[in-house]
Structure formats: structure tokens, C-alpha cells
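A.B. asks: Below you will find the structure I want to go over with you.
Structure below.
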């Protein structure tokens, strides 16, 4: 069964690193945000300027907010490294979507970091957790 | 004549530095943002969550947006350095406010960076430049 | 038994937020970095510009690198919110130190985010994991 | 005469924006850093992990550090906007290199921001300003 995943290529920027000479760990969490957004885009789901999800140009009344995030840093990541970031939907539940992330050095495919996050569907009006619209669930389920 | 200025103390964070071992220059521009906001706060002007200026708890229909910024980096700034950031209003015009910034190492008062920025008053409805409300001008003029 | 912990007060900066109007989740992970560094400082442990740990002005041959981090976001955090960040050492093992984090809104003590991280002791020469120097373990054990 | 310039395409990330709904101005200064590094790379000049310039795989004893930066923000930049960043060498002097930057929205070519910066050549040993190696000057002069 085809997985719902998206792979991006990134170049480590100066601003991603810190004085130790390696990537500052919160920047990896920022990459996870980019990975989620691009995975959604690859399935036809975009975010409006107010955070609302949009499918086929039609805004829905819900947003996704990150409820949990985890990252494991397995090897140092350096300035100018070319990396791949693979984002995958690992679970779609009633109100939450789980993603996993794998960061590899492109040169030798070494895994540099892995991670996971859970996004919670939020109703824009009530600001409370809400059912994921069926259209979104379908697009994110293999 | 008393100047409208505000001095903050900051500690250089890991995330402010890059792989060269020194502060990544855009982080200094971020400090300028902190300096402006705290100078405004010290005069009783705060920003609402939508960016509107608020005086004495009363929201106004305008925001300030940065139109120009300049910085000069005079000496390397290191992780863990304790620095002072002095922000000063240098000019209040019809629709713009100019600020200047001085970053010093607290230990020896050495000037590490200086800068300037111009904020433009924007009408929240039309999104066009707008006259600075008299209440704001008064609070920011010595 | 006294716990090894440190509480900081922070003001949410513009740069901590994103277009949704709330704090961008990786910024909370950056605060965890600040919390760890200030907890270490409160115990007399500082970091040199090359990342080496220093106790009583004496540099050691080891660094701490973040091996894992986890965060849970429980309530939206807004621009200008005043927050407290409590960092605590939860475990000191042979080669690793575990920290926990609690972010609260100061106004009403509501818990906004919690988290945990594991730092691994690394030998500066071999770049491999290494035993935590006894001096560090003592300072971080209640 | 051919100009020394490089154009990149970027997508505005969530972390580039702030609570006002638009790009946080220091992020544009971060893009300038990316533009400089990619322009250098396009001419065969890369940066080592310690900041040293490298040409044809041969490390030189100098680094470039940003001495001044200026930016003018002409129109709001939004989350998810696709932008182009054009970086150009505008002057190569004895010890300094000047760059200019133009950020455009790709959709309609509207100029969103412009800027300029000056990099100073620094000797890695003395940490003082130093002559730009002839090899670098040649590569950056049309």
C-alpha cells in the first residue's frame, strides 16, 4: 500500500548552526515544520494566511496545531551539508495526525536525526479540538 | 531635554550564534525588534496580538511596520556575552518613527554593534501608511 | 531532598511567534536550550566558546550535546506573554543527563508546555560519548 | 559586461513569519546570508566549517564577516509566498566586498524588499581585516 510521504532536499544554512560548529537542535524541529507543510501541499492541502486548511482552493473551518514533537539527534549535522528530509504520515485518527521524520546526509545516506510529531485538528471558531474533515483524512490515508 | 530611550540587558544565547563561533548577524536585527517593543512598553504603548498599538489599554486603529533597517557590526559578539541594548527614538515625523540602537558588551562597555530603523505607521483597515496618532507622537517625543 | 532546578522568566518575542498568531513550536525548544544553560550556570558550570564545560574557571575536556528532545504543547502561547520556564535535572547517569521543562504563563500559572531532553557527554578529542566528569555529576545531583 | 549575480527561489516558511501575519523583518536578513553563500558557491568559493574560504578545494587563511547590512521592506511578504532572491556583487575593493539583494514575489515580480551588505575579509590568525586574496577578487569581478 502506497505510503503518504514526501522527501525534500535542504542545504544547512549558517543560521541553522550554532557556536559549537554543528546544527542547533531546534532548527531540526523547524525543518519538521517545513516537511509537514510540503507533505500536505503534495496532497493538495495548503494553509491560508490565517492558518486554515484549504483543499482545492476551498478553505475549511479548521487548522492543524502541533500538540507534541520528538526528535532524536544521531550524528552531528554541519554547515553546508546537503540533507534529505523525509516526512511521512504514520497515523490518521479522529482528531489527530501523526507524522514521522528522517533526516539523512545526502552524500552517504547516513541518518542524522529522526523524529515524530502529532498535529491536532482545531476548530477556528471555538479554538477547541475538532474532527478532521473527511476530505483531509482521505488525502492523508494511503 | 530628556531623551526617549530604553536600555535592556541580554545574554547571548546559543541560538544567536553560528558555526563561525560568533553571533549570526540577523540575530542582532532581532534584538533591535526587542529593543523597539520594550522602548514602546516603557512609554505605555503595547502591541495587541493582531499588531495594533494600544495606549492605556485602548487599542488604536494603527500598527507600526519596519520600513528600513541598518546595522553595523563593529566587533565580534560571542556566546554567553552579556550585552546591553540601548534603543532611542531619534525622530518622530508625520507617518514615521526613527530608532537608533547601540549594542555594548557589559563587561567593558565596548560597542559591538550599532544600528537604526524606521517604522511606518499603517492603518489596519486600508493597510496603507497613515498619520501617527497624536497620543503616540507625544509619548515618543522628549 | 533539594532538587536541582532553575526557573527563568521570559517575555515572548515577536520572533518567537508565527503567522498563526501563536508561538512557533520550535521556539519552545530554543527556550529549553536557554533553560539548560542557565541551570548549569546556577550550579557553577559554564560553556566555553568551543562548547567545553567549565567548572570553577577550569575547562574540562567534554561537551554536552542534545541527544533527544520532546515537547508537549498544552495551550497556545501568545506574543508578549510573560512566561516562566522551570528546568530540572531529572536523572544523572554514567554518560547522560536528563532534564525536564515546564513553561507556565506567569499571569495565571497555567502550564502552556512541558518537555524533556537528554544530553550526552562527548569527549572533545574523540567526539565519542564519554563518562560525565565526577565534578559535574556532583554539582547536578541533589 | 556580465554581472556576478545569483538568483535563488525560496518558499516563505512558517518560521519566517510572526504574529502580525507577515514575514518578520530579520528573516529577510537571514535570506541575504543564504544569497551571499550561494553566490559564492556559484563562483567556486565555499566556506569550511570554521568559516575559512575555500577555492577549488584549497582552504585560504581568510574568512568573510558581515560589517554592515541594510534592508528596505517595500511590501508585505506572506507565509507560503514563493519569492526570488537575487544577490549581486556590486563592488570588490581591497578588503571589502559589497553585495546587493532584491526579493521579488515570483507570481507577479513585485519587489518586496531590497538590501545591501558589506563583507570584510578577516585574517583567521590575527582576526584583523586583511586583503582579499587575488583568486577571490578575480572570481567575483565581472
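Chains as they are written, first to last, in our numbering: chain A, 1 to 142; chain B, 1001 to 1142; chain C, 2001 to 2142; chain D, 3001 to 3142. Don't be surprised by glycine CBs; every beta carbon is placed ideally from N, CA and C.
1) Any idea what DSSP makes of residue 3039 (chain D), helix, strand or coil?
2) At the 9 Å Cβ level, is residue 78 (chain A) part of the contact set with chain B, yes or no?
3) Can you name, in chain order, every residue of its own chain whose Cβ lies under 6 Å from the Cβ of residue 3096 (chain D), other than the five neighbours on each side?
4) How far does the beta strand (DSSP E) with residue 3063 (chain D) in it reach, from first residue to last?
5) What are the residues that DSSP puts in a beta bridge with residue 3059 (chain D)?
6) Please work out which residues of its chain come closer than 7 Å, Cβ to Cβ, to residue 2003 (chain C), disregarding the five sequence neighbours upstream and downstream, and give them in chain order.
7) Would residue 3042 (chain D) pass as a contact of residue 3052 (chain D) if the rule is Cβ separation under 9 Å?
8) Run through DSSP, which three-state label would residue 3012 (chain D) get?
9) Is it the case that the stretch 3107-3116 of chain D contacts the stretch 71-86 of chain A, given that we only count it when at least three CB pairs across the two stretches are under 8 Å?
10) I need the boundaries of the alpha helix (DSSP H) containing residue 3132 (chain D), first residue and last residue.
11) Return helix, strand or coil for residue 1028 (chain B), following the three-state DSSP convention.
12) Under the rule that 16 or more other beta-carbon atoms within 10 Å means buried, what is residue 3106 (chain D), buried or exposed?
13) Are the Cβ atoms of residue 2093 (chain C) and residue 2132 (chain C) separated by less than 9 Å?
14) Could you give the DSSP three-state label for residue 34 (chain A): helix, strand or coil?
15) Compute the distance between the beta-carbons of residue 1030 (chain B) and residue 2011 (chain C), then report whether it is under 9 Å.
16) Please report the residue range of the beta strand (DSSP E) in which residue 3175 (chain D) lies.
17) Using the three-state DSSP reduction, which class does residue 155 (chain A) fall into: helix, strand or coil?
18) Am I right that residue 2017 (chain C) and residue 2085 (chain C) are in contact with their C-beta atoms under 8 Å? What's the rounded C-beta distance?
19) Looking only at DSSP bridge pairs, what is residue 2123 (chain C) linked to?
20) Taking Cβ positions, are residue 3073 (chain D) and residue 3025 (chain D) nearer each other than 9 Å?
21) What are the residues of the stretch 2060-2087 of chain C that lie near chain D, defined by any Cβ-Cβ distance shorter than 7 Å?
22) Can you check which of these residues, C:2047, C:2050, C:2134 and C:2098, is closest to residue 2070 (chain C) by C-alpha distance?
23) Let me know the secondary structure DSSP gives residue 2020 (chain C) once reduced to three states.
24) Please say whether residue 3033 (chain D) and residue 15 (chain A) have beta carbons closer to each other than 9 Å?
C.D. replies: On the basis of the coordinates in this document:
1) helix
2) yes
3) 3118 and 3120
4) 3062-3073
5) D:3054
6) 2088 and 2142
7) no
8) coil
9) no
10) Where residue 3132 (chain D) is concerned, there is no enclosing alpha helix (DSSP H), given that its DSSP letter is neither H nor E.
11) helix
12) exposed
13) yes
14) helix
15) no
16) Because chain D is modelled from 3001 through 3142, residue 3175 (chain D) falls outside the range shown and cannot be assessed.
17) The structure shown has nothing for residue 155 (chain A), since chain A only spans 1 to 142.
18) Contact flag wrong, Cβ pair sits at about 17 Å.
19) C:2062
20) yes
21) 2079
22) C:2098
23) coil
24) yes
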